[in-house]
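Colleague: Once you've had a glance at the structure underneath, I'll fire off some questions.
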Amino acid sequence: MVQQSVSIIRVPFGLGAGRPGSENGPDSIMKFGLAKKLQGLGYDVQADQTIRLPEGVQSPPGSKMKHVEEVLAVAGLLGEAVYKEVSGGHIPLVLGGDHSIAMGSLAGLTRHYHHLGVIWVDAHSDLNTETTSPSGNMHGISLAVGLGLSHIKLKQMVEGAVPLKPENCVIIGARDLDRDEKALIRSTGLTCYTMHEIDRLGIEKVVQEALQIAGNGTDGVHLSFDIDSVDPIEAPGTGTPVRGGLSYREAHLSLELMSESGRITSADFVEVNPLLDRNNQTSKLAVELIGSLFGSRIL
């Protein structure tokens, strides 16, 4: 049996968010034993890559969207790194940082997988654009960029990247959507399982349906997991917490089901903010959840 290789890529970048601290997330997650956990699950783990903002990159003042040049610089470097790893047969596991870094992951992945499916687990949809964003924070437009709905395009970050298809993208756990995001979800036909659907259908049915949608005719499925999808009782260390999220067991079961499906080919885990955490609870939870995605089980 060939040992699978996981390439952990740290992205200590937080300028896409509205509050400082998520740039400390990758090191905090690693500190609590992620590499050792994955090695214990039988993976060959490479964990020596870190993507940092190049010196001297700075956006001009006065624009509505904040830190655009910084986000694009980091996303471009990350996209190239992700492309190299996935092309080499490795599973890219990207640790953020804020959710704007997902633009880089998607750029690199869509250069390799021209029919990529995406499961976006998040309290928010990240479907604002430069026109509709109420905050100007770049982490709120990352999925819109991936879908080609923004002035910013994935191919600006990685040559050969292509937009995602809305029919193969699924949001799970949403409960804080802006008006324009709601309209966009309806108009594009993007599948969005809010907490209302999860309450009614149960997390198992939601995840199974999501895997079918994201895996229908695609050549890879990427998971982008924002820790704020989990209820802040369990995950207080994040910059945009929203009450009424996934429970501890719902979060674990969703990732266990994705693991069992064998369909997930890459993943981001983002928005862990140690500055806002209590006793490192959220960083430790992130390690546990990643373990579930990679095969850790109770028995």
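Sequential numbering from 1 applies to the sequence shown in UniProt numbering.
Glycine included, each C-beta is placed from N, C-alpha and C at the ideal position.
This structure is a prediction, so every number in the text was calculated from the model and none was measured.
Identify every run of the beta strand (DSSP E) within the segment 119-199, keeping only runs that are complete inside it and at least 3 residues long; order them along the chain.
Modeller: Here the runs fully enclosed are 169-174 and 191-194.
Colleague: Let me know the beta strand (DSSP E) ranges lying completely inside the segment 82-113, each 3 residues or longer, listed in chain order.
Modeller: 91-96
Colleague: Which of helix, strand or coil does DSSP assign to V206?
Modeller: Here the question's residue 206 lines up with position 206 in the sequence shown. The DSSP-derived three-state label of V206 is helix.
Colleague: Could you round the C-beta distance between N168 and G117 to whole angstroms and report it? I think they count as a contact, below 8 Å.
Modeller: Numbered from its first residue, the sequence shown carries residue 168 at position 168. Numbered from its first residue, the sequence shown carries residue 117 at position 117. Their Cβ separation, rounded to whole angstroms, is 4 Å, which keeps N168 and G117 in contact under 8 Å.
Colleague: Can you tell which of G88, I227, G262 and L275 has its C-alpha closest to the C-alpha of L289?
Modeller: In the sequence shown, the residue the question calls residue 289 occupies position 289. Here the closest residue by C-alpha is I227.
Colleague: Is it buried or exposed for N137, if we count other Cβ within 10 angstroms and need 16 for buried?
Modeller: Working through the sequence shown from its first residue, we reach residue 137 at position 137. Buried: at least 16 other Cβ atoms inside 10 Å.
Colleague: When DSSP labels each residue in this structure, what does Q49 get in the three-state scheme?
Modeller: As a working note, residue 49 is residue 49 in the sequence shown. If DSSP states are grouped into helix, strand and coil, Q49 belongs with the strands.
Colleague: Count the other C-beta atoms from every protein chain shown that fall within 10 angstroms of the C-beta of S187, then say buried if there are 16 or more, exposed otherwise.
Modeller: Position 187 of the sequence shown holds residue 187. Label assigned to S187: exposed.
Colleague: When the Cα of I298 is compared with those of E256, K182, T132 and A183, which residue comes out closest?
Modeller: Counting from one through the sequence shown, the residue named residue 298 turns up at place 298. Here the closest residue by C-alpha is E256.
Colleague: Report the option in S292, G262, S59 and S261 whose CA atom is closest to the CA atom of F269.
Modeller: Walking along the sequence shown from the start, residue 269 turns up at place 269. Of S292, G262, S59 and S261, the residue nearest in Cα terms is S292.
Colleague: Does the segment 202-222 come within contact of the segment 176-183, defined as at least 3 CB pairs closer than 8 Å?
Modeller: no
Colleague: Exposed or buried, S87, counting other C-beta atoms within 10 Å across all chains shown (16 or more means buried)?
Modeller: Within the sequence shown, numbered from 1, the residue matching residue 87 stands at position 87. Label assigned to S87: exposed.
Colleague: Leaving out five residues before and five after S150 in sequence, what residues of the same chain have Cβ atoms less than 6 Å from its Cβ?
Modeller: Reading the sequence shown from its first residue, position 150 is the one you call residue 150. In chain order, T129, I141 and A144 place their CB closer than 6 Å to the CB of S150, counting only its own chain and leaving out the 5 sequence neighbours on each side.
Colleague: Roughly how many whole angstroms lie between the Cα atoms of I172 and L211?
Modeller: Reading the sequence shown from its first residue, position 172 is the one you call residue 172. Reading the sequence shown from its first residue, position 211 is the one you call residue 211. Taking the straight line joining both Cα atoms gives about 11 Å.
Colleague: On a CA-only basis, which of L106, V82, G42 and I185 is nearest L164? Give me that one, please.
Modeller: Translated into positions along the sequence shown, residue 164 becomes position 164. That would be L106, whose Cα lies nearest to the Cα of L164.
Colleague: For the candidate residues E250, K64, L190 and P232, whose alpha-carbon lies nearest to that of D199?
Modeller: For the purposes of this step, residue 199 is taken as the residue at position 199 of the sequence shown. Checking every option, the nearest Cα to that of D199 belongs to E250.
Colleague: Three Cβ pairs or more, each shorter than 8 Å: is that satisfied between the segment 23-41 and the segment 63-72?
Modeller: Touching, no, given that fewer than three Cβ pairs across the two stretches are closer than 8 Å.
Colleague: Would you grab the beta carbon distance between L223 and M258 for me? Rounded to a whole angstrom, and I think it's under 8 Å.
Modeller: Position 223 of the sequence shown, counted from the start, is the residue given in the question as residue 223. Position 258 of the sequence shown, counted from the start, is the residue given in the question as residue 258. So it is a contact: roughly 6 Å between Cβ atoms.
Colleague: Under DSSP, the alpha helix (DSSP H) around S254 begins and ends at which residues?
Modeller: Sequence index remark: in the sequence shown, residue 254 carries index 254 (1-based). Run containing S254: Y248 to S261, per the alpha helix (DSSP H) assignment.
Colleague: So, are the CB atoms of R263 and G217 less than 8 Å apart?
Modeller: In the sequence shown, residue 263 corresponds to position 263, counting from 1. In the sequence shown, residue 217 corresponds to position 217, counting from 1. No.
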